[in-house]
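Chemist: There's a structure below that I have some questions on.
There are 2 protein chains.
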Amino acid sequence: MRGSGDLELVADGRRLRFPAVWLRDNCPCAECTDPRSRQKFLDITDIDGDLMVAQAAEAGESVTVTYAPGQHRSTFSRAWLAEHALDAYGDGDGRTEDDKELWLAADMEALDGRRAQVPEASWPRYLAEPAERVRSLAAVLRLGFVLLHDVPAEPGLVLEVAASFGYVRQTNYGALFDVRVEPAPDNLAFTSREILPHTDNPYRDPVPTVQLLHCLCAAGDGGDTGLVDGFAAARALRAADRAAFDVLTGTAVPFGYRDNGAELRASQPLIQLSPRGRVRGVRFNNRSAQPLRLPYADVTAFYAAYRRWAELLRQPERQLNLRLAPGDCLIFDNTRILHARTAFSLPAGEDGSPGRHLQGCYADLDGLASTVAVLSRAGADARSPGEAS
Amino acid sequence: MRGSGDLELVADGRRLRFPAVWLRDNCPCAECTDPRSRQKFLDITDIDGDLMVAQAAEAGESVTVTYAPGQHRSTFSRAWLAEHALDAYGDGDGRTEDDKELWLAADMEALDGRRAQVPEASWPRYLAEPAERVRSLAAVLRLGFVLLHDVPAEPGLVLEVAASFGYVRQTNYGALFDVRVEPAPDNLAFTSREILPHTDNPYRDPVPTVQLLHCLCAAGDGGDTGLVDGFAAARALRAADRAAFDVLTGTAVPFGYRDNGAELRASQPLIQLSPRGRVRGVRFNNRSAQPLRLPYADVTAFYAAYRRWAELLRQPERQLNLRLAPGDCLIFDNTRILHARTAFSLPAGEDGSPGRHLQGCYADLDGLASTVAVLSRAGADARSPGEAS
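Chains D and Z supply the protein sequences, listed in that same order.
Everything in the first sequence is counted per my numbering, starting at 31 for the first residue and increasing by one.
Everything in the second sequence is counted per my numbering, starting at 31 for the first residue and increasing by one.
Next up, the structure:
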């Protein structure tokens, strides 16, 4: 343990090794890390380029490292070091396929045909009980959506649902938007047409990562909602046709939206990967796709992959069909879940019905995950590097 | 032009070739594309997998294509086809290094030492003249920032500045946040310490892509603002040390923030690339970096690259130094520009001064770019594919 330049120790029966620069950069002492905020004072350029571990002294559950040059000392708990072993990839942020539970429609149904697996909650209980809020919101992180019932079917309530876990992302559509038949729609969402599985606002960067849809009035016939797990579909594509998967992850597709007051564009791949190649996001929307401009050979390869991907997303076994009733509010991950609706009849006014009317808004996953983390705190804070366990 | 399956034509003296599926997907007729919203009705799965161009008829500036199987016809203008030639990559969204003007501090100074190149504007004129608003906001897209003067030094005005081009991104810090010395800060920004060049909120995904800082009260001494073009620095790193560049673009770095009401984390590379390998974003913040968990060999390679990158970002010639006076408001691209501040004296109360006080808020680039595009419209709409020029 002395003079190698690294810290080597055995903890939890494993042989661990840490370079001096990593230890120094994570030094928990009050000179290097603000005890209150736990933010680092230390910058990488403050650390000597040839830093070595000169000495390491173990005392019970603690290990004190002395560096050279200089005489700075850092004390770490063995448990913290074992937790941060440099033997695998860790510390992801929960956003890739590896931290999700992927599903097909059938996975949401129990053996008796009831949808026992569909994550659902009742709004009054969600509001009253933090544990119910955690359970509901954690479902958005794990499965990609949750269905809240008993949200009063009143205009504007969708903003209260968003505020219960995060912050509304205002856009050119307003803080909230009405999904109903309009006489002169700038967006096909505001017609009674069928809308195929898609993600919202692919022409925006950053795209809204959470979407809410609150049903105020259901259609007499049709207007059912479908949900597809885009991460499960991407994994299936990768297994079935690696070449198509590589084309889609490697091609930025231009999306656009234009009306009198807005002109938005964003170019991103239909399937987005983390640096380690794990699925981290999907975008899919035939309505707002713009003409691809790539060399001829790339275009033909893209269209073959695009067709394969679209066919896969439309496999009936992927689509969970729900019928939103007044008071239902869906919260879903717009980077993962595609949503669709069937065509519907009874537009506003015809036969005296008010017509199908949803209100929607956007929010973001980081705020939602933060709410889950804060509500899940069990009184005690997580261990900091210098604390013995 | 007949029977090849593709459309081939000569336009603008160039020989162009378009596959049938690309043409069919971009058919501008009212059956395929909503004339009002210009959104597509057609889905890729509606297009026959063996579609060919059966016939192409040129008439003046128009080309009418008839497909087989089926007898669908699409009419394109030659000019539109020439604009969308499939011979190069195009239709980016303006967000990568290729669409930016990269700079060093010296580029902002004219020969006489005045900062003739610093993009600046006066708030009353910015408000009164759309052309001045376009010029100012286009500077954020091109150079990464603009400095507005004469914004009344009143609390809350920063929200009006954000609303002049987009939408405030509310976070756990509120709609706006105060940057001043706090007695018990959860963030080192709220001390009088020096803050090295960094981007804000790297622990958030989506990260806020625009930041505003509005000076209400300057420090008596110090507290100067520095700006660094992260895209210029990334380009320099790629030229000088390709291996380090590849390590940084290929390693997700965990960032975190935690206080009583929030617990945020995001893992993203310090330099983010488009699918074609062009620089599209930087994140850099020593204060909120969390312990890396990678295999030992990856960690040592990362730290060598990280040091190189940090040293490069701190080169004095990269940093444009500004002193914000009361009424100044900086708007900058938080995915590209790193900002810093020098330490300052005279915290609040000491000697009777109110102390340095900025107010900040976040917004997003997509809304800003949309505002530039809408204000730039010259009355007439851009050509749609079916219109002759």
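Think of the CB as a built atom: it goes at the ideal place given N, C-alpha and C, for glycine as much as any other residue.
Source: prediction; values computed, not measured.
(1) So for Gly409/Z, helix, strand or coil by DSSP?
(2) On a Cα-Cα basis, can you pick out the residue from Ala331/Z, Leu72/Z, Tyr326/Z that is closest to Tyr119/D?
(3) Could you name the residues of chain C that Gly120/D contacts, counting a contact when the two beta carbons are closer than 7 Å?
(4) Relative to the C-alpha of Ala263/D, which candidate in Leu39/D, Ala274/D, Asp254/D has its C-alpha closest?
(5) Could you have a look at Ala115/D and say whether DSSP puts it in helix, strand or coil?
(6) Where does Asp411/D land, buried or exposed, given buried means 16+ other C-beta within 10 angstroms?
(7) Under 8 Å between the Cβ atoms of Arg386/Z and Ala269/Z?
(8) Can you tell me which of Thr401/Z, Ala340/Z, Asp358/Z puts its alpha carbon nearest to the alpha carbon of Asp76/D?
(9) Which of helix, strand or coil does DSSP assign to Asp402/Z?
(10) Name, please, each residue of chain D whose Cβ falls closer than 7 Å to the Cβ of Thr239/Z.
(11) The alpha helix (DSSP H) with Thr496/Z in it runs from where to where?
(12) Glu127/D bridges to which residues according to DSSP?
(13) Can you give me the Cβ contacts of Gly291/D inside the same chain, cut-off strictly under 7 Å, excluding the 5 residues immediately before and after it?
(14) Val83/Z versus chain D: which residues are under 7 Å apart at the beta carbon?
(15) Looking only at C-alpha atoms, which of Gln241/D, Leu324/D, Asp271/D, Gly397/D sits nearest to Ala282/D?
(16) In three-state terms, what does DSSP make of Glu159/Z?
(17) Roughly how many angstroms separate the alpha carbons of Pro182/D and Ala355/D, rounded to a whole number?
(18) Below 8 Å, can you find three or more Cβ-Cβ pairs linking the segment 176-193 of chain Z to the segment 149-168 of chain Z?
(19) What residue range does the beta strand (DSSP E) around Phe175/Z cover?
(20) My output table needs one value for Leu347/D: the three-state DSSP class, helix, strand or coil.
(21) Answer yes or no: do Asp117/D and Gln320/Z have a C-beta to C-beta separation smaller than 8 Å?
(22) Per the contact definition of three or more C-beta pairs closer than 8 Å, is the segment 362-375 of chain Z in contact with the segment 251-261 of chain Z?
(23) Are Asp396/D and Arg234/Z closer than 8 Å when you measure CB to CB?
(24) Kindly indicate which three-state DSSP category Phe195/Z falls into: helix, strand or coil?
(25) Between which two residues does the alpha helix (DSSP H) carrying Phe275/D extend?
(26) Give the residues from the segment 38-54 of chain D that approach chain Z closer than 7 Å (Cβ to any Cβ), ordered along the chain.
(27) For Arg163/Z, which residues in chain D fall below 8 Å Cβ to Cβ?
(28) Show which residues of chain Z have a CB atom less than 9 Å away from the CB atom of Leu243/D.
(29) Give me the Cα-Cα distance between Ala50/D and Pro99/D, rounded to the nearest whole angstrom.
(30) Going by DSSP, what residue range makes up the alpha helix (DSSP H) through Leu243/D?
(31) Around the C-beta of Arg407/D, are 16 or more other C-beta atoms found within 10 angstroms, so that it is buried, or is it exposed?
(32) Taking all protein chains shown into account, decide if Thr94/D is buried (16 or more other Cβ within 10 angstroms of its Cβ) or exposed.
Modeler: Straight from the coordinates:
(1) With a pLDDT of only 46 at Gly409/Z, under 50, the local geometry of the prediction cannot be trusted, and the value read off the model is given with reservation. Coil at Gly409/Z, not helix or strand.
(2) Tyr326/Z
(3) No chain C appears in this structure, whose protein chains are D and Z.
(4) Ala274/D
(5) coil
(6) Confidence at Asp411/D is low in this model, with a pLDDT of 42, below 50, so its placement is unreliable and no value can be given for it.
(7) no
(8) Ala340/Z
(9) Checking the sequence shown, residue 402/Z turns out to be Val, not Asp. The answer is helix: DSSP assigns Val402/Z an H, G or I state.
(10) Pro236
(11) Any question about residue 496/Z goes unanswered here, given that chain Z covers just 31 to 419.
(12) DSSP lists no partner for Glu127/D.
(13) Asn202
(14) Going along chain D, no residue has its Cβ under 7 Å from Val83/Z, so there is no contact; the nearest lies around 13 Å.
(15) Leu324/D
(16) coil
(17) 11 Å
(18) yes
(19) 175-179
(20) Reading off the sequence shown, one finds Glu at residue 347/D, where the question assumed Leu. Three-state DSSP puts Glu347/D in a helix.
(21) no
(22) yes
(23) yes
(24) coil
(25) 272-279
(26) Arg47, Pro49, Val51, Trp52
(27) None at all; the shortest Cβ gap to chain D is about 15 Å.
(28) Within chain Z, no residue comes near Leu243/D; the closest Cβ sits about 19 Å away, beyond 9 Å.
(29) 11 Å
(30) Careful: Leu243/D lies outside any alpha helix (DSSP H), inside the beta strand (DSSP E) at 240-247.
(31) exposed
(32) exposed
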